[in-house]
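Structure first, commentary second.
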Amino acid sequence: MKLTKTLLASTALTVASGMAFADGHMASEMTIVSWGGAYSNSQQKAYHDPYMEKTGINIINDESSPEGVAKMRAQAEAGNITWDLVDLEAADAIRVCDEGLAMEIDHDEVLAPAPDGTPASEDFGDMIVSDCFIPQIVFSTTFGYRTDQVADGVEPPKGACDVFDLETYPGKRGLNKQPIANLEWALLCDGVAYEDVYDVLETEEGQDRAFAKLDTIKDQTIFWSSAAEAIQLLADGEVFMSSTYNGRLFSAIEEQGQPIGMAWDWQMFDLDGWVVPADLPEDRLARVMDYLYFATDTQRLADQAKYISYGPARASSAPLVSTHAELGIDMAPHMPTEPSNAENTFVNNYTWWADYRDDLDSKFQAWLTQ
Amino acid sequence: MTDAAQDNGQMLAADGKPLKSSLNRALRRQKLRALALIAPLLIFVLITFIAPIADMLFRSVENQIVSDTLPRTTEALADWDGDTGEIPSPEVFKALYTDMFIAQERKLHTRLGSRLNYELTGISSLFRKSGRRVEDMGEVYQDQFEDLNDFWKDSETWNALMGSDAWLAEQAAWDETSDSRQPQFELREEIEGLLPQTAATFEIFADFVQNDDEDNLANEDPWALVYSALYDDLIVEPDISGYAGPGSAELLEAMAAVRSFETVDYPAAFEEVDEDWHSIPVWQTIQTYSPDFTSGYFLNSVDMKKSPDGPVIRPEDEQIYIKLFIRTLFMSLVITGSCILLGYPVAWLLANLPARTANLLMILVLLPFWTSLLVRTSAWKVMLQQQGVVNDTLVWLGLVADDSRLALINNQTGTIIAMTHILLPFMILPLYSVMKTIPPSYLRAAKSLGATNWTAFWRVYFPQSVPGIGAGSILVFILAIGYYITPELVGGTTGTFISNRIAYHISSSLNWGLAAALGAILLALVLALYWAYDKIVGIDNVKLGG
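For the record, the sequence lines run as chains E and S. For the first sequence, my numbering assigns the number 372 to the last residue and increments by one with no breaks. For the second sequence, my numbering assigns the number 1054 to the last residue and increments by one with no breaks.
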């Protein structure tokens, strides 16, 4: 009898404790999803560390942003939202907002005004591309190449179109395992005018043309699925040149001293920022909002640029960008918006991609397997 | 006793009951007890393993999303025949407007767009675009009603017209700032008979405001959809003379006015959003996928698709799954073969060396088991890449020129090398335990009878080790066919398996139906191969030991 009682009691205890943890959220924890690597590192130093020190709340990093949309859908379908805040690209943010997976936000109410009192919505301006989106940075997808693998007497590559030039620059290339940017570059380098790229890409023939251009380098290309992988491929000398995000390249070149050079031509501008998953319980939502107010104010956004060369999304943060926190070098020449880097730039059409992402994703994946 | 036993030809037990049934009862009790003992495990496996798999596999035929999101459209579309080359009737477009309006309010239209996009690329963007524009489509009616009389502008007068007196009283008494729930909207009875469409739409609207948005109905103006429903109700001139409730005068006035209203041409309005709404394949896709269950996912996973005239094969540049299934089977066979080639001598050594040396070797075989799979795979990356250890050594030895280093990774070779290494212990262990039981005296006997080394091995030793090869091969092959992480990391584009595709559909494209269909086919394939193996080799010939 006694044994039974003990057994029952311990079972009850286990179940109870299991339930307490099943929620996955202790009273003072928050799960923030981001991209990992140098980027997460800059967020950790500029936002998370000071916030944790200030409030004592523990921030758990989840590096799932590359599958962010899919996992947010899956969590919503399962009715078990385990994420508190998700870092997504603008096009993805528009998608999750359309599908009701992310919460719509009144930017002026939730976010801090600029130091001079300008409301947040004006300070962020055009960067607020969706009601669910809280912009953080302007980044660009561009190319890095191995300086030690450029043959003698050959001019080093300047930008995206050199990736299609196998004659001058033989060797493997790295490209993102996603259609975004790759298809635009393929068309641009196939002679389509900048203004027409998305119009052409909307048509079946235009898509075939882009894939045909990519076909010319397909067997020389390694497709990466995370930015860190692209940097690894470059650092190992596995590829001659690879597309990746400019901040990652900055960290590999300046912080790690890798023999890598930047090829800025036709860099693709894009936005990145936060979305809050829809239907968070109230206590967790309150915690997230408190964090957001802190982490997106003028000073914090400017602080992030001390660790990685991405431009802050607030107009009021720009004058505060100074030097790298550890290396002490001036950050301005490494920013994608620096005039000498921005001779030919390409602005990602987020709304177009929000519409065509599903279509082109499935085509691109089928093309990869062919 | 003897009398009783012969009573009616039955043996009786001591208590006078038939022996057979008491025996049965005793046996049954025993069985129940045994069942109770394994019950925790059985229930555990059922709940955590079998049920989720069954649920997941069920998704491969499930297709309610289309008729749930577009109930009116699919119903109206049922009689349409695409072969005539004509687009559906205006009624269908009208239904589409209603369905689309409600779906975009509930934010369901993009999900359906993604679902149908699996069947016809382009539908996802079509639905997204239409969702954004559908709100303005019916505003023509809203504006005309509102211009006619301010009565139609106000949420309060709408509520008075549509809501029952009981609900209106409750609503008036409800304090918004209190914690109590807003009283649930209730329809005025007379209205339902007089204005059926308006009533139905308004109920959906009220339900959405109260339960989805959790807003106060008193502050929310009706959707444009409600106005177009009102127009549809009034244009047929229902007999509203008997109605004397709130708004009766305004209703009469509106009924007189609607005849001169500007109308909306829904087919044209949708064409303006996107001309694809006037393309036959889009409508055929919606029609083909209206039923609640579909074989579409299974057809997709064998490179076919549903069409109005039955299943057809996909165009060549869209065919990938059959190719992937064949590649998966072929590569699994190669991996199994190389495991046999590499594992057999090692197992023979293990079985024939003195115990101490054999134990040391055994630890070496087992060591990879205790290392994380990811670490082993990443180690192969370092070994095999072009600037990696293997290539560097070959270049240093002068076997390979520096500018033509071997491509050993991010292709099939990489997958085969890494997976052979990872699965090798699963081959060696059953081989070893079978070989351990073959007495060495057999070989000695064969040789003393005059057999050469080879004949002794081939005719005497090898046949006895075949059950070990069989067990090892089944283990390795079945593990290989469902392998995911290693091909993903080292396989590049040519060395990936069908399982990578399943994972892609599960976690990236979220086409869970297709993933489930592919998984079900893979499962059936393994079972079929197992069955064939049993028929050809015989499962009794498989031994995992002694």
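Ideal placement from N, C-alpha and C gives every residue a C-beta, glycine not left out.
Does chain E have any CB closer than 8 Å to the CB of residue i?
i: E826/S; result: yes
i: G922/S; result: no
i: G630/S; result: yes
i: N899/S; result: no
i: K661/S; result: no
i: N667/S; result: no
i: T618/S; result: yes
i: Q918/S; result: Note on residue identity: the sequence assigns Asn, not Gln, to residue 918/S. Yes, because at least one Cβ of chain E sits closer than 8 Å to the Cβ of N918/S.
i: G633/S; result: According to the sequence as given, residue 633/S is Ser; it is not Gly. By this cut-off, S633/S is an interface position.
i: N657/S; result: no
i: K813/S; result: no
i: N625/S; result: yes
i: K615/S; result: yes
Using the DSSP secondary-structure output, state which residues sit across from residue i in a beta bridge.
i: S376/E; result: Here chain E has residues from 3 to 372 only, and residue 376/E is not among them.
i: N532/S; result: Bridge partners of N532/S: none, in fact.
i: W1039/S; result: None, per the DSSP bridge assignment.
i: I262/E; result: R148/E
i: Q269/E; result: T347/E
i: E31/E; result: N60/E
Do we get a CB-CB distance below 8 Å when we pair residue i with the residues of chain S?
i: R75/E; result: yes
i: D363/E; result: yes
i: L251/E; result: no
i: E31/E; result: no
i: E101/E; result: yes
i: A72/E; result: yes
i: D64/E; result: no
i: Y358/E; result: yes
Using three-state DSSP, classify residue i as helix, strand or coil.
i: N351/E; result: coil
i: V1045/S; result: coil
i: N867/S; result: helix
i: I834/S; result: helix
i: V898/S; result: helix
i: W888/S; result: helix
i: G701/S; result: helix
i: V152/E; result: coil
i: G671/S; result: strand
i: R175/E; result: strand
i: F23/E; result: Only weak support is given to the placement of F23/E: the predicted model assigns it a pLDDT of 44, under 50, and the value that follows is read from those uncertain coordinates. Here F23/E sits in helix by DSSP.
i: M3/E; result: Here M3/E scores only 43 on pLDDT, less than 50, and its place in the model should not be relied on; the value that follows carries that caveat. In this structure, M3/E counts as coil in the three-state DSSP scheme.
i: I1014/S; result: helix
i: G804/S; result: helix
i: L1071/S; result: Residue 1071/S is absent from the model: chain S starts at 509 and stops at 1054.
i: L520/S; result: strand
i: A855/S; result: helix
i: G161/E; result: strand
i: G387/E; result: With chain E represented from 3 up to 372, any question about residue 387/E goes unanswered, as that position is not in the structure.
i: K813/S; result: strand
Identify the contact partners of residue i in chain S, using a Cβ-Cβ distance below 8 Å as the criterion.
i: E186/E; result: None at all; the shortest Cβ gap to chain S is about 17 Å.
i: P225/E; result: The sequence as given places Phe at residue 225/E; Pro does not occur at that position. Those within 8 Å of F225/E in chain S are G1000 and T1001.
i: T371/E; result: I828, K831, L832, T1001, T1004 and R1009
i: Q138/E; result: Neighbours of Q138/E on chain S: none; closest Cβ ~24 Å, over 8 Å.
Since residue i meets chain S, which of its residues come closer than 7 Å, beta carbon to beta carbon?
i: G239/E; result: Q895
Compute every distance between the C-beta of residue i and the non-hydrogen atoms of the ligand HEM, then say whether any falls below 7 Å.
i: L957/S; result: Among the ligands in the structure shown, none appear at all, so the ligand HEM cannot be discussed.
Going along chain E, which residues have a C-beta under 9 Å from residue i?
i: Y1012/S; result: Q367
Determine the chain S residues that contact residue i at a beta-carbon separation under 9 Å, and present them in chain order.
i: E69/E; result: S1015 and S1016
Can you list the residues of chain E that residue i reaches, using a CB-CB cut of under 8 Å?
i: K637/S; result: D357
Mind listing the chain E neighbours of residue i? Cutoff is C-beta to C-beta under 7 Å, in chain order.
i: S622/S; result: D360
Problem set entry | Completely contained alpha helix (DSSP H) runs for the stretch 940 to 997 of chain S, where each covers 4 or more residues | 948 to 956 and 970 to 989
For this session: May I have a chain-ordered list of the alpha helix (DSSP H) segments no shorter than 4 residues that lie completely inside the stretch 739 to 769 of chain S?
Result: 756 to 766
Problem set entry | beta strand (DSSP E) runs wholly inside the stretch 57 to 101 of chain E, at least 3 long, in chain order | 60 to 64 and 87 to 91
Problem set entry | Any alpha helix (DSSP H) of 4 or more consecutive residues that is wholly inside the stretch 522 to 598 of chain S | 527 to 553, 559 to 566, 572 to 577 and 579 to 585
Exercise. If you scan the stretch 597 to 667 of chain S from start to end, which runs of the alpha helix (DSSP H) of 4 or more residues do you find wholly inside it?
Worked result: If we require 4 residues or more, the alpha helix (DSSP H) runs fully inside the stretch 597 to 667 of chain S come out as 598 to 613, 617 to 625, 631 to 645 and 647 to 656.
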